[in-house]
Every structure is written in structure tokens, then in C-alpha cells.
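Chemist: Just so you know, we're using this note's numbering here: the sequence shown kicks off at 841 and counts up by one. If you scroll down you'll find the structure; I have some questions about it.
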Amino acid sequence: MPVTPHFEWEQTVDQVIVRGEFKGFKPEAIDIFISDTFTKVNAQPTYLLSMDLLHPIDVSTSTYRIVQPTVTLTLTKATKGLVWDTLCIDKKTPQEEVRKRRQEALERAELFYNAKLTTREQQKEVEKKRMFNEHWELEKQQRRDIEKKVQTERAHESASLASWQDDIAAKEAKSATTNKLMSPADLYKLHEAPPIRQTTGETVTVSIDFTPKSMAMPSRTRGDEDFYRKSRYKPVSVEDAPMFWKEKGDKHYKARAWKQASDAYSESIKRDGCFLTCVCNRAACWLHMCEWKVASRVHQGNL
């Protein structure tokens, strides 16, 4: 069974202020109902504050505020300046009359709530219609701006086309006046070659030197490849081939055996000096062995 919490009230010329203590309840757990003659604050299952007001109030301007643990009701008097002798009706009022009074208050509160909902829906429709009209006006303005821009660009392009056509017509008229019929003799005079320049100096003799070759062959011969093919080293076995020593040197080079790699590259170069890789790798081996002078001298000699 809920109990009535401690509360107090005061009044001004226009308002009635009621303050009640609801300890241990959060604001969302407190239910407040306000009608013109009946007001109820319910905090289930502990507290219930029911007030059958002595005089009617204006529900539309009445408010409440919850600051834990106090609930403050600010009720606006329906009759301004009327002084209330008490907050509620006499406790000796018959229950049937109290019940009827509360029922009528609930019905009026329901009517007020429905009217408020209807007004809210009407306002929503009005706002929706206003937004639609504004959006429609915005679209029409954008369309007008686009059409104006298209007309401006069309006028500009038309003027540009007309100017171009006038220029073409002027050039054609000018070329028609300047292009006269000409005889073959006139054309010959226009394309007559310039006179031959007379030279009074002596003839200059220019000497041509060909790049000397290392082999005793004519300067214009292409027998270098044939000479190399005929004179290249012919191995007598697999281990005597230059490629064998090159592969052996590459194997030692990967194993960072610089001395063995340089000896193998030297054997390959001794048999066939066409492998420049052997020359470069042998020089690299000497550099790793700190033989810089030998590497520089021999490498430059081979190149």
C-alpha cells in the first residue's frame, strides 16, 4: 500500500506551487499526471500523492520539475488573483462525488491531450507543406538559373559563330580580289631559281684519315669476325676450354675464395680473352685481396 509523501505548498497571485519529497527514486521512475482539478504523482510502489484541487487550474501552462529527491509542481490558476483557502477539497466530501469529479477531470484531460495531438499533427502538416513549397521554389529558382545560363551561353556561341563566319567571308573576298589569272611565264618568274653564286677562292683539299686497326687488313674489310673465328683457341679437352675455367672461377667467386677465383679467371682469359666478365671479376678478386695496383694496371691493360 503506497503512502503519501511529505509535501508542502504555497501560492502566488497566478500560481500554486507544490513540493513533495520522493526519496530513493530516479526521475524516470516517477509518473506525474496533471488535469484541471486532479493531480497525481506516483512513485510505485512506495509513494502516491493524489490531490483533488480546490479550484481548477490551466493545464496548458502548468509544469513540473524533478530535482532529486524533490518534485516541484507549478500549477497555473485558471482564475488569476483568486486566493485558495486550501490546496485540496474537504476530506469529508463523499467518495462518490470525489470519484465523479476525478472521472470528469480524466475525461477533460483526455480531450485536452487529443486536441493537443491534433494540433501537433496539424502543425506537422503545415510545416511539411511549408518545407515542400520552399523546396519547390528552390528547384524552380535553380531551373531558372540553369535556363538563364543556357541562354547566355547560347547567345555567346551564336555571336562567336557569326563572327567566325564573317571572318571567313572577309578572307574569301580578300583572296578573290588578290588571286588573279596568271600566265605560265608569270608563274615561271615567281618560281625562278636564284642566280648561281660565283666563287673566286681556291679549292680546299680535305684529307680523310681512317681509324687504324690492330690487324693488318684493309680499312674497309669486314674480315675481323672471320679472322677471330679462325684464330680463336681450340681446346684439346673439356678441362682445357675457356668456359670450363670461367665456370670454375664463378664457383670460387660465389664462395668468396678470391685467390682460387682469380687464378681460374686468368686461365680462362689466357685461352680466350673475349669474356669481359672474367676480366672484371678477376679485378674484383684482386681488390678483395687488397692488390689495388695490380688490379688497376692489369684491368686497364686488358681494356
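Every residue gets a Cβ at the ideal spot worked out from N, C-alpha and C, and that includes glycine. Computed from a predicted model, the values in this text were never measured in an experiment.
Counting Cβ pairs, one atom from each stretch, are 3 or more of them under 8 Å apart for the region 933-945 and the region 979-986?
Modeler: Verdict: no, contact absent.
Chemist: Per DSSP, which residues does F873 bridge with? Please list them.
Modeler: In the sequence shown, residue 873 corresponds to position 33, counting from 1. F873 is bridged to K880.
Chemist: Could you pull the DSSP bridge partners for V860 from this structure?
Modeler: On the sequence shown, position 20 is the one that residue 860 refers to. One detail in the question is off: residue 860 reads as Gly in this sequence, not Val. The partner list for G860 (beta bridge, DSSP) reads F847, V911.
Chemist: Which residue or residues does DSSP assign as beta-bridge partners of Y904?
Modeler: Indexing the sequence shown from 1 puts residue 904 at position 64. BP columns for Y904 point to L913.
Chemist: Look at V856 and L915 and say whether their C-beta atoms are less than 9 Å apart.
Modeler: As a position in the sequence shown, residue 856 is number 16, starting the count at 1. As a position in the sequence shown, residue 915 is number 75, starting the count at 1. Closer than 9 Å, so yes.
Chemist: For F1115, I'd like the list of residues in its chain whose CB is within less than 8 Å of its CB, leaving aside the five on either flank, ordered along the chain.
Modeler: Numbered from 1 along the sequence shown, position 275 holds the residue referred to as residue 1115. The residues are P1082, K1086, S1108, I1109.
Chemist: Quick check on DSSP: helix, strand or coil for S890?
Modeler: Locating residue 890 in the sequence shown gives position 50, where the first residue counts as 1. Strand at S890.
Chemist: Alpha carbons only, please: which of T1117, Q991, P896 is nearest the one belonging to A918?
Modeler: If you number the sequence shown from 1, residue 918 lands on position 78. Here the closest residue by C-alpha is P896.
Chemist: Scan the region 1104-1136 and note each continuous alpha helix (DSSP H) run of 4 residues or more that stays entirely inside, going in chain order.
Modeler: 1116-1128, all fully within the region 1104-1136.
Chemist: Just to confirm, are Y887 and T844 a CB contact at a threshold of 9 Å?
Modeler: Indexing the sequence shown from 1 puts residue 887 at position 47. Indexing the sequence shown from 1 puts residue 844 at position 4. A contact, by the Cβ cut-off of 9 Å.
Chemist: In chain order, what residues of the same chain have a beta carbon less than 6 Å from the beta carbon of T879, not counting five sequence neighbours either side?
Modeler: Walking along the sequence shown from the start, residue 879 turns up at place 39. Answer for T879: M891, listed in chain order.
Chemist: Closest to L1127 by CA distance: which of S1106, S1102, T1117 is it?
Modeler: On the sequence shown, residue 1127 is found 287 positions in, with the first residue counted as 1. Checked all of S1106, S1102, T1117; the closest Cα to L1127 is S1102.
Chemist: Look up D1080 in the DSSP assignment and give the residues it is bridged to.
Modeler: Numbered from its first residue, the sequence shown carries residue 1080 at position 240. In the DSSP output, where bridge partners are listed per residue, D1080 has none listed.
Chemist: Alpha carbon to alpha carbon, what distance is there between N1121 and K1099?
Modeler: Translated into positions along the sequence shown, residue 1099 becomes position 259. Translated into positions along the sequence shown, residue 1121 becomes position 281. If I take the Cα positions, the gap works out to 12 Å.
Chemist: Which residue from A1095, T1117, V923 puts its Cα closest to that of Y1105?
Modeler: Counted from its first residue, the sequence shown places residue 1105 at position 265. The shortest C-alpha separation from Y1105 is found at T1117.
Chemist: Among the residues of its own chain, which have a CB less than 8 Å from the CB of L894, if the five just before and after it don't count?
Modeler: On the sequence shown, position 54 is the one that residue 894 refers to. These residues qualify, in order along the chain: W924, D925, T926, L927, C928, I929.
Chemist: Enumerate in chain order the residues of its own chain whose CB-to-CB distance from F952 is below 7 Å, with the five nearest sequence positions on each side excluded.
Modeler: Position 112 of the sequence shown, counted from the start, is the residue given in the question as residue 952. Closer than 7 Å at Cβ, skipping near neighbours: V899.
Chemist: How should D999 be labelled, buried or exposed, when 16 other C-beta atoms within 10 angstroms of its C-beta is the threshold for buried?
Modeler: Locating residue 999 in the sequence shown gives position 159, counting from the first residue. Checking the sequence shown, residue 999 turns out to be Ala, not Asp. The residue in question, A999, is exposed, as its Cβ has fewer than 16 Cβ neighbours within 10 Å.
Chemist: Give me the residue from R1096, V966, E950, F865 with the minimum Cα distance to D876.
Modeler: Locating residue 876 in the sequence shown gives position 36, counting from the first residue. D876 has its Cα closest to that of E950, out of R1096, V966, E950, F865.
Chemist: What is the DSSP secondary structure of V938, counted as helix, strand or coil?
Modeler: Start at 1 with the first residue of the sequence shown, and residue 938 comes out as number 98. Looking at V938 - three-state DSSP - the assignment turns out to be helix.
Chemist: Determine the direct distance from the alpha carbon of Q981 to that of Q991, and round the result to whole angstroms.
Modeler: For the purposes of this step, residue 991 is taken as the residue at position 151 of the sequence shown. For the purposes of this step, residue 981 is taken as the residue at position 141 of the sequence shown. Cα to Cα, Q991 sits roughly 15 Å from Q981.
Chemist: To the nearest angstrom, how far is it from the Cα of T958 to the Cα of L946?
Modeler: For this step, residue 958 is matched to residue 118 along the sequence shown. For this step, residue 946 is matched to residue 106 along the sequence shown. Those two C-alpha atoms are separated by around 18 Å.
Chemist: Counting only C-beta atoms, is H1092 closer than 9 Å to chain D at any point?
Modeler: Reference to chain D is not applicable here, since this structure consists of a single protein chain.
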